[in-house]
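Residue numbers (this note's numbering): 1148 to 1700.
This is the structure:
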């Protein structure tokens, strides 16, 4: 029995020829080449041009469909990048003859002007195609750059690659660019592999999907789901479009993370390769159609709320948003798994959600402060996640979110200690800022840097040594919360090792944003070891009273 798969050598121009319409199948991932890969291809093409040789780019795998179009099983990254290079060559070309020759490998202008969909050689997925059409394939588009690239990270990637291609090609003379075009048209060789049907193309894709540009985790999982679902071509295309919508909302890396967290919720383990374990943990329990229809959209909504700090709880949203944004400051992301479990399972009760996220914030900071062993920390989060999934009481005195008297003593002791880790230092300082009177919540991306009033390192002749003569005391107190203020980054750079009064002039200069954690220095005239120790105790008391109000007093 013959496989029906055929392979033959041909030129790139035979693939990008009039009458050929190439499309992406639903299981294909998005355009993913980075700048270094584009520049490597350009260098290869130019060396080929200079030497007058042929250049082989590997296999392009196509499935011919009943309507005469071809699905690109393998080769999307190369074909898309060649189309971008051809488009820039076309738009830089002043000779109408060469301009028309270049565009002939991109599309048919007369049919495009009539609005015919079949006017173009290459069609990407439904997220990328509008940008690809308007910013690349349309004549003159690559030089005008009128099309916004904000819809997805893929658009931004294509825009960046266009910049690189244009810069590269502008260094060549008009004659050199024509020679480069002739190389692409006449001396780029490949093996065209023809697969007889859609199912066969899918099987080939699964074999090849670790070649070329390595797929994201979500690409592999999407492929697995589409195979397990036994969908029709139309259903698979619809689900693939839905998947791309999810990727557009979250971003490719965040979608990878989400699928990993979903896997952990079902297997309660973070070990093993995500794609392989996802199939065992999730798809063995939930059929593909149900997962895509009923589970994944809700998970995407929940994870979007986590990433953006936008929980959608109406009047209770602010009470949830604050703890969420404080959690985003932590030096680890393990808190996202129980947060996802809670948002996915319990979306209705905003008042309860406010309590949960307030306690989860405290839990996350305690994990950062006191549970430094990664395995022990992971087990604590796994215990909390299990309690959420099992529907156990979370706010009970003996619940997974609560701490013993000894825990509280250790937490307070740690807060009075040194914070040499940048992320921990920033997380604690920004959390303190929100806890103070007239304080405000500061997002992780805001211009808010941690300034050490007593500099961490001093020269021997520094004036600070007169007030702080003991180097041991300097080391003891420089990294404690009592020595921290929050200032804009430019103020931090200017303050550096200035003496106290000069630093204050910068902190409170006209037009400088003054944060709550900095405000109490306004009336201070000295900055001694006793000042820092007392301020540390005061700030720790405030934060402990926020986290453990039942013990305040």
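Just so it is clear, CB atoms sit at the ideal spot from N, CA and C, and this is done for glycine as well. For clarity, every value in this text was computed on a predicted model and none was experimentally measured.
Nearest-angstrom Cα separation, counted from residue j out to residue i
i            : j            : result
residue 1505 : residue 1414 : 27 Å
residue 1585 : residue 1319 : 60 Å
residue 1297 : residue 1306 : Because residue 1297 sits at a pLDDT of 49, beneath the cut-off of 50, its placement in the model cannot be relied upon, and the following sentence gives the value as read from the coordinates. The alpha-carbon atoms of residue 1297 and residue 1306 are separated by roughly 10 Å.
residue 1358 : residue 1175 : With a pLDDT of 48 at residue 1358, under the threshold of 50, the predicted position of this residue should be treated as unreliable, though the coordinate-derived value follows. Going by the C-alpha atoms only, they are around 13 Å apart.
residue 1604 : residue 1628 : 17 Å
residue 1501 : residue 1189 : 54 Å
residue 1638 : residue 1397 : 34 Å
residue 1545 : residue 1558 : 18 Å
residue 1595 : residue 1612 : 28 Å
residue 1707 : residue 1569 : Only positions 1148 to 1700 of the chain appear in the structure, and residue 1707 is not among them; the question remains open.
residue 1163 : residue 1424 : 40 Å
residue 1245 : residue 1282 : 20 Å
residue 1527 : residue 1625 : 31 Å
residue 1630 : residue 1601 : 7 Å
residue 1317 : residue 1640 : 39 Å
residue 1384 : residue 1271 : 13 Å
residue 1214 : residue 1497 : 52 Å
residue 1537 : residue 1669 : 51 Å
residue 1487 : residue 1453 : 8 Å
residue 1700 : residue 1687 : Confidence at residue 1700 is low in this model, with a pLDDT of 48, below 50, so its placement is unreliable and the value that follows should be read with caution. Computed Cα separation, rounded: 14 Å.
residue 1191 : residue 1335 : 11 Å
residue 1576 : residue 1195 : 57 Å
residue 1431 : residue 1408 : 16 Å
Continuous beta strand (DSSP E) stretch holding residue i: start and end
i            : result
residue 1341 : 1335-1342
residue 1203 : 1202-1211
residue 1154 : 1153-1158
Element boundaries [alpha helix (DSSP H), containing residue i]
i            : result
residue 1217 : Here residue 1217 belongs to no alpha helix (DSSP H); instead the beta strand (DSSP E) covers 1217-1221.
residue 1687 : 1676-1694
residue 1633 : Note, residue 1633: premise wrong, no alpha helix (DSSP H); beta strand (DSSP E) at 1631-1634.
residue 1388 : 1380-1397
residue 1544 : Per DSSP, residue 1544 belongs to no alpha helix (DSSP H) and is neither H nor E.
residue 1178 : Here residue 1178 belongs to no alpha helix (DSSP H), and DSSP marks it neither H nor E.
residue 1279 : 1276-1279
residue 1647 : 1647-1654
residue 1370 : 1364-1375
residue 1621 : 1618-1625
residue 1711 : In the structure as shown, the chain starts at 1148 and stops at 1700, and residue 1711 therefore has no counterpart that could be examined.
residue 1666 : 1663-1666
residue 1271 : Per DSSP, residue 1271 belongs to no alpha helix (DSSP H) and is neither H nor E.
residue 1313 : 1300-1317
residue 1288 : 1288-1291
residue 1248 : 1243-1251
Contacting residues, own chain, Cβ-Cβ under 6 Å from residue i (five flanking each side not counted)
i            : result
residue 1301 : 1177, 1178, 1275
residue 1511 : 1474, 1477, 1482
residue 1238 : 1287, 1289, 1290
residue 1470 : 1504, 1505, 1508
residue 1573 : 1597
residue 1583 : 1663
residue 1647 : 1674
residue 1548 : 1506, 1510, 1541
residue 1426 : 1371
residue 1578 : 1473
residue 1464 : 1458
residue 1679 : 1624, 1629, 1630
residue 1235 : 1289, 1312, 1313, 1316
Any non-hydrogen atom of the ligand NAP within 7 Å of residue i CB
i            : result
residue 1524 : You won't find the ligand NAP in this model; it holds no ligand whatsoever.
Same chain, Cβ closer than 7 Å to residue i, five either side skipped, listed in chain order
i            : result
residue 1472 : 1456, 1588, 1590
residue 1491 : 1445, 1446, 1449
residue 1225 : 1204
residue 1683 : 1563, 1627, 1628, 1629
residue 1428 : 1410, 1413, 1414
residue 1378 : 1386
Cβ neighbours of residue i in the same chain (closer than 8 Å, five flanking residues each side left out)
i            : result
residue 1499 : 1493
residue 1434 : 1375, 1376
residue 1762 : No information on residue 1762 is available, as it lies outside the stretch 1148 to 1700 that the chain covers here.
Contact between the segment 1198-1217 and the segment 1390-1402 (3+ Cβ pairs under 8 Å) = no
request  = Count the C-beta pairs between the segment 1514-1526 and the segment 1552-1572 that are closer than 8 Å, then say yes if the count reaches three, no if not.
outcome  = yes
message = For the segment 1362-1373 against the segment 1321-1334, do three or more pairs of beta-carbon atoms, one drawn from each stretch, fall closer than 8 Å, so that the two count as touching?
response = no
task = Ignoring anything shorter than 3 residues or poking outside the segment 1559-1615, list the beta strand (DSSP E) runs there in chain order.
result = 1596-1599
query = What runs of the alpha helix (DSSP H), each 4 residues or longer, lie entirely inside the segment 1480-1526?
reply = 1483-1492, 1497-1517
request  = Indicate whether the contact test is met: 3 or more Cβ pairs, each with one atom in the segment 1550-1559 and one in the segment 1438-1446, closer than 8 Å.
outcome  = no
task = Please specify which runs of the alpha helix (DSSP H), each continuous and at least 4 residues long, are wholly inside the segment 1406-1460, giving them in chain order.
result = 1421-1425, 1443-1455
key: Cβ contact (3+ pairs, closer than 8 Å) linking the segment 1247-1256 and the segment 1156-1173   = yes
task = Could you tell me whether the segment 1182-1200 touches the segment 1308-1328, using the rule of 3 or more Cβ pairs below 8 Å?
result = yes
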